[in-house]
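Protein chains in written order, with our numbering: chain A, 175 to 288; chain B, 54 to 171.
Data block below; observations after.
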Amino acid sequence: AQSVTQPDIHITVSEGASLELRCNYSYGATPYLFWYVQSPGQGLQLLLKYFSGDTLVQGIKGFEAEFKRSQSSFNLRKPSVHWSDAAEYFCAVGTNFGNEKLTFGTGTRLTIIP
Amino acid sequence: KAGVTQTPRYLIKTRGQQVTLSCSPISGHRSVSWYQQTPGQGLQFLFEYFSETQRNKGNFPGRFSGRQFSNSRSEMNVSTLELGDSALYLCASRQLGSGREGSKNIQYFGAGTRLSVL
């Protein structure tokens with residue numbers, strides 16, 4: 175069974191600083207990998223996804239993530255955060271056999287300080 | 054194109070009651086999945102429906118059930134509510150593709166229904 179670990183429960187960064195959120199997954203085959211963002215009281219919005227090919231994927235809102243098979247990681251990065259990026263971020267893994275079930279990490283809450 | 058619509062947005066029930074939540078998928082999406090989100094357990098998969106059939110089920114008791122209609126709309130039902138059922142219930146739809154048709158297998162989420170059990 176697949177699993178996802180997000181080791182950082184809460185991260186605080188200054189506005190304009192760079193950001194990296196960590197995600198490690200466990201899955202026997204090549205996974206589908208996702209980052210979703212959730213603002214308070216809202217659902218999940220897809221930031222970016224990895225299915226195959228180029229291991230550096232670009233997403234919305236200036237985010238990018240890099241798939242590293244050797245490290246079973248899919249870390250999310252942004253070069254310069256904005257106050258509006260404050261939210262909770264979830265990494266998820268789906269199977270490559272239809273992706274009907276996503277397994278999520280526990281999430282990382284991002285706080286931005288002026 | 055309209056997104057995934059969940060109704061109602063908020064519900065308050067008492068223990069022992071039952072509740073039905075509704076989800077309208079994105080037009081053209083044939084699969085609907087349900088997830089429960091709680092502070093303690095995080096996001097957990099409940100079940101997935103496609104062509105009016107439950108295709109996959111998570112580790113939840115039989116009090117949690119669902120169905121899908123011919124227009125792909127889905128409902129989720131929880132009977133005999135318990136305090137621990139208080140959660141945000143999220144619905145996600147996907148177009149559904151085969152194998153590694155990744156773009157068709159992206160799950161898009163609704164805003165959720167916040168259920169409070171008193």
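Using N, Cα and C, we set each Cβ at its ideal position, and we do this for glycine too.
As for any beta strand (DSSP E) of minimum length 3 sitting wholly inside the stretch 199-233 of chain A, the runs are 206-212, 218-224 and 230-232, ordered along the chain.
Note on Ile234 of chain A: under 16 other CB atoms within 10 angstroms of its CB, so exposed under the neighbour-count rule. Among the bridge pairs identified by DSSP, Ser75 of chain B is matched with B:Thr60 and B:Glu128. When DSSP states are grouped into helix, strand and coil, Lys54 of chain B belongs to the coil group.
Under the Cβ criterion of 8 Å, Gly163 of chain B is counted among the residues facing chain A. Asn249 of chain A sits in a strand when the DSSP states are folded into three classes.
Taking the Cα of Glu135 of chain B as reference, the smallest distance to any Cα among B:Gly81, B:Ser127, B:Arg108 and B:Val170 is reached at B:Val170. Within chain B, no C-beta atom comes nearer than 7 Å to that of Gly233 of chain A; the closest sits roughly 12 Å away. Nearest C-alpha to Ala164 of chain B among A:Leu220, A:Asp259, A:Val267 and A:Arg251: A:Leu220. Sequence-distant Cβ neighbours of Gln90 of chain B in its own chain, meaning closer than 8 Å and more than five residues away, are Leu96, Gln97, Ala140, Leu141, Tyr142, Leu143 and Gly165. For the stretch 94-113 of chain B, the set of residues with a beta-carbon nearer than 7 Å to any beta-carbon of chain A comprises Gly95, Leu96, Phe98, Glu101, Arg108 and Asn109, in chain order. Any Cβ of chain A closer than 8 Å to the Cβ of Ile79 of chain B would place that residue at the interface, and such an atom is absent.
Distance between Asp138 of chain B and Ser146 of chain B, taken at the CA atoms: about 22 Å. At a cut-off of 8 Å between beta carbons, Phe237 of chain A makes no contact with chain B. Interface residue (Cβ-Cβ distance to chain A less than 8 Å): Ile65 of chain B is not classified as such.
Within 9 Å of the CB of Gly281 of chain A, the CB atoms of chain B belong to Gly95 and Leu96, in sequence order along the chain. DSSP places Cys144 of chain B inside the beta strand (DSSP E), whose first and last residues are Ala140 to Arg147. One thing to note: Ala266 of chain A has its Cβ no nearer than 8 Å to the Cβ of Gln212 of chain A. The DSSP-derived three-state label of Leu136 of chain B is helix.
With respect to the C-alpha of Gln245 of chain A, the residue from A:Arg196, A:Trp257 and A:Phe264 having the closest C-alpha is A:Arg196. At the C-beta level, Ser84 of chain B and Glu101 of chain B come within 8 Å of one another. Residues of the stretch 193-223 of chain A with a C-beta less than 7 Å from any C-beta of chain B: Tyr206, Gln216, Gly217, Leu218, Leu220 and Lys223, listed in chain order. Taking Thr60 of chain B as reference, the option from B:Gly81, B:Ser80 and B:Ser127 with the minimal CA-CA separation is B:Ser127.
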